[in-house]
């Protein structure tokens, strides 16, 4: 599809495509002639949350319709938690500091890291950052990195998780899913769409539980809730 977009040959493209929200504006800006404006299409965009709709707005015009969201969930293997002396309730409404310490216990008792993610990807850091209501950009779209104390805190926590062995980095998406699917980790924190990958393994049926993500300490406005992904 991308090759057709680059060449400007649209006749073989589908009428409707699903685009990850974080990539939507870039796609429209890069290939403006490939996307149809939907502002006056009759769709009532006020039916959707403003934050969700904004992902597919370029130059004040609507180019997409919200499809799914990426509400973050924390999933845990209850059998591994039990081996370590925990229940999923003890991982609900907790802080990242508590998560780190509990994760060390899980690793010691079961040999399983509590979390996995793809190396070189910023998903965990972005989930932490957004859970505090903080962004890498200001309201005018300018980057906010220098002096962003919440970003610094998220990076410090990420490094601590890796150093402790509680977080194991995968070198590809396939490896990431393999860690979840083949009993190599005791948990996962990601957008709610990750449940599809978990549920496809029927041998694990009844062994997973879902709750909210940890929150950062020492940050005003930090919560146990965030977003990762979603599409339009």
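In my numbering, the protein residues as written are 86 to 317.
Glycine included, every Cβ here is placed at the ideal spot set by N, Cα and C.
Just so we're clear, the structure is a prediction, and the values are computed from it rather than from any experiment.
Complete runs of the beta strand (DSSP E) confined to the segment 174 to 204 [at least 3 residues]: 200 to 203
Nearest-angstrom Cα separation, counted from residue 222 out to residue 118: 28 Å
Straight-line gap, residue 93 to residue 145 (C-alpha atoms, nearest Å): 24 Å
Distance between residue 272 and residue 174 (C-alpha atoms, nearest Å): Going by the C-alpha atoms only, they are around 14 Å apart.
Between the CA atoms of residue 138 and residue 131 - distance to the nearest angstrom: As the crow flies, the alpha-carbon of residue 131 is around 9 Å from that of residue 138.
Beta-bridge pairing of residue 293 - partner residues as DSSP gives them: 162
Selected residue, minimal CA-CA separation from residue 158, among 230, 274 and 151: Of the residues 230, 274 and 151, the one whose Cα lies closest to the Cα of residue 158 is 274.
Under 7 Å between C-beta atoms of residue 148 and residue 113: yes
Bounding residues of the beta strand (DSSP E) (the contiguous stretch that carries residue 34): The requested residue 34 does not occur in the structure, where the chain is confined to residues 86 to 317.
Euclidean distance between Cα positions of residue 121 and residue 185: 47 Å
Best match in 107, 309, 199 and 135 for proximity to residue 253 [C-alpha to C-alpha]: By alpha-carbon distance to residue 253, the top candidate from 107, 309, 199 and 135 is 199.
CB-CB length for residue 308 against residue 182, believed under 8 Å: Their Cβ separation, rounded to whole angstroms, is 15 Å, which puts residue 308 and residue 182 out of contact at 8 Å.
Simplified DSSP state of residue 317, which is helix, strand or coil: The answer is coil: DSSP assigns residue 317 none of H, G, I, E or B.
Backbone CA spacing between residue 216 and residue 210 [nearest angstrom]: Taking the straight line joining both Cα atoms gives about 10 Å.
Nearest to residue 164 (by Cα), restricted to the options 155, 89 and 196: 196
Bridge partners - residue 156, DSSP secondary structure assignment: 312
Proximity winner among 306, 312, 313 and 297, relative to residue 177 (alpha-carbon distances): 297
Straight-line gap, residue 192 to residue 206 (C-alpha atoms, nearest Å): 23 Å
Residue 213 classed as buried or exposed, judged by whether at least 16 other C-beta atoms fall within 10 angstroms: buried
Residues near residue 250 by beta carbon distance below 7 Å, same chain, minus five either side: Cβ neighbours of residue 250 within its own chain (closer than 7 Å, five residues either side excluded): 192 and 198.
Within 7 Å, strictly: CB atoms of residue 194 and residue 168: Taking the C-beta atoms as reference points, residue 168 is found nearer than 7 Å to residue 194.
Exposure label - residue 270; buried when at least 16 CB within 10 Å: buried
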